[in-house]
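In what follows, a single structure is set out as structure tokens and then discussed.
Residue numbers (the UniProt record's numbering): 1 to 337.
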């Protein structure tokens, strides 16, 4: 392990670690107002296993929170509804899951005292020139502020996303997901993982507590972890830019807030022991709460096409210009229950 692969910061209300690989943020420990210490960010159970070194970059030390440019990855169109299948293009020859930013070592850059900055240059053939992120603990609170910047070489349209992944308690239903108001939710139009489906395909819903189930009826998708072994995605449209996970077992609330004008959708990744192949091995339990401009993370070709979500008026790929960098800011904050 290279000595500069990780850097950390401590402040009056906590401590954090950032790794160069994917610029992933975790572990994070917050000191709450009542003096307790809590660690809400997820770290994959295989991240320190020797065999993990052979995995793709994004999986090797999967953890916490990181940005994805472009967001998503292409999947085969076989078995998809016609409205989706006809706009699903093949992957690019050099396509990487959740983009170049998720799979490579970033470079540390100088930053003000009390913050960490990293930058990543993209291959010359990419429309993206480089990305940069700066992570700054709030000196007055158990909270972290993050700024993310994208600079492009030429005008382009790309899906983008943020990828916070939170730790869940062991006991079924011991945490609650709070989204506030939203316009519409959508279930995945196919199977995220064969044999591990829980929700009905390609359905709308308007309450997270009543998501249409594959077996009929409805499921409360706000109570976590779920009882079933499953791997699922839900896309939420019109969220208000704030989501929270309430961990009753450990007595805290962690809130994610973002600029909703940049991310018109929120993707919920339910990773609930549903993936049985290595390195997952049926042991991965976490919730991804991911602000996105993307259709279910289905890759750049589908995101830029006239897909069903785009046809409904929800933007699924963002316009970038070399004349002006894209800059977005978001925050992770913890509090006691």
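For every residue, glycine included, the Cβ atom is placed at its ideal position computed from N, Cα and C. These figures come from a predicted structure and were not determined experimentally.
Boundaries (first-last residue) of the alpha helix (DSSP H) holding residue i
{"i": "residue 59", "result": "57-60"}
{"i": "residue 84", "result": "82-85"}
{"i": "residue 308", "result": "308-311"}
{"i": "residue 302", "result": "300-304"}
Cβ-heavy atom distance, residue i to the ligand SAH, below 7 angstroms
{"i": "residue 141", "result": "The ligand SAH is not part of the structure shown, which contains no ligands of any sort."}
Assumed close pair residue i, residue j - CB separation to whole angstroms, cut-off 8 angstroms
{"i": "residue 267", "j": "residue 297", "result": "6 angstroms"}
{"i": "residue 326", "j": "residue 149", "result": "7 angstroms"}
{"i": "residue 235", "j": "residue 185", "result": "7 angstroms"}
{"i": "residue 122", "j": "residue 299", "result": "With 8 angstroms as the limit, residue 122 and residue 299 do not qualify as a contact, their Cβ atoms being about 17 angstroms apart."}
{"i": "residue 245", "j": "residue 287", "result": "7 angstroms"}
{"i": "residue 43", "j": "residue 60", "result": "So it is not a contact: roughly 12 angstroms between Cβ atoms."}
{"i": "residue 21", "j": "residue 79", "result": "No, residue 21 and residue 79 are not in contact; Cβ-Cβ is about 34 angstroms, not under 8 angstroms."}
{"i": "residue 224", "j": "residue 155", "result": "Actually they do not touch by this definition, with Cβ atoms about 41 angstroms apart."}
{"i": "residue 337", "j": "residue 270", "result": "The Cβ separation is near 23 angstroms, so there is no contact."}
Chain-order list of residues whose beta-carbon lies under 6 angstroms from that of residue i (same chain, five-residue window excluded)
{"i": "residue 193", "result": "231, 274, 275"}
{"i": "residue 160", "result": "69, 71, 293, 318"}
{"i": "residue 332", "result": "144, 256"}
{"i": "residue 196", "result": "230, 231, 274"}
{"i": "residue 243", "result": "179, 256, 289"}
{"i": "residue 310", "result": "316"}
{"i": "residue 100", "result": "122"}
{"i": "residue 330", "result": "146, 258"}
Sequence-distant residues of the same chain with beta carbon closer than 8 angstroms to residue i, five excluded per side
{"i": "residue 1", "result": "Because the pLDDT at residue 1 is just 44, under 50, the model does not fix this residue reliably, and the point stays unresolved."}
{"i": "residue 39", "result": "27, 28, 29, 30, 167"}
Paired residues, beta bridge with residue i - DSSP
{"i": "residue 176", "result": "223, 246"}
{"i": "residue 212", "result": "218"}
{"i": "residue 314", "result": "Paired residues: none, contrary to the question."}
{"i": "residue 122", "result": "Partner(s): none; residue 122 has no beta bridge."}
{"i": "residue 15", "result": "10, 29"}
{"i": "residue 88", "result": "Paired residues: none, contrary to the question."}
{"i": "residue 171", "result": "None; residue 171 has no bridge partner."}
{"i": "residue 43", "result": "63"}
{"i": "residue 99", "result": "69"}
{"i": "residue 37", "result": "31"}
{"i": "residue 143", "result": "333"}
{"i": "residue 149", "result": "132, 327"}
Close-in-space but distant-in-sequence residues of the same chain around residue i (CB under 7 angstroms, 5 per side omitted)
{"i": "residue 17", "result": "6, 8, 26, 27"}
{"i": "residue 221", "result": "208, 211, 234"}
{"i": "residue 141", "result": "13, 333"}
{"i": "residue 339", "result": "For residue 339 there is no data in the structure shown, the boundaries of the chain being 1 and 337."}
{"i": "residue 130", "result": "119, 120, 121, 122, 151"}
{"i": "residue 171", "result": "249"}
Range covered by the beta strand (DSSP E) that runs through residue i
{"i": "residue 263", "result": "Looking at the DSSP string, residue 263 is not in any beta strand (DSSP E), and its letter there is neither H nor E."}
{"i": "residue 131", "result": "128-137"}
{"i": "residue 257", "result": "252-258"}
{"i": "residue 11", "result": "6-11"}
{"i": "residue 335", "result": "326-336"}
{"i": "residue 155", "result": "From DSSP, residue 155 is part of no beta strand (DSSP E); its letter is neither H nor E."}
{"i": "residue 286", "result": "285-293"}
{"i": "residue 235", "result": "230-237"}
{"i": "residue 109", "result": "107-109"}
{"i": "residue 21", "result": "Counting along the chain, residue 21 falls outside any beta strand (DSSP E), and DSSP gives it neither H nor E."}
{"i": "residue 201", "result": "Note, residue 201: premise wrong, no beta strand (DSSP E); not H, not E."}
{"i": "residue 186", "result": "184-187"}
{"i": "residue 161", "result": "160-162"}
Is it a yes or a no for the region 259-266 touching the region 202-212, going by three-plus beta-carbon pairs under 8 angstroms? no
Validate contact between the region 75-95 and the region 103-117 using beta carbons, cut 8 angstroms, 3 pairs: no
Contact between the region 302-311 and the region 276-289: three or more CB pairs below 8 angstroms? Two segments are said to touch when three or more pairs of C-beta atoms, one from each, lie closer than 8 angstroms; by this definition the region 302-311 does not touch the region 276-289.
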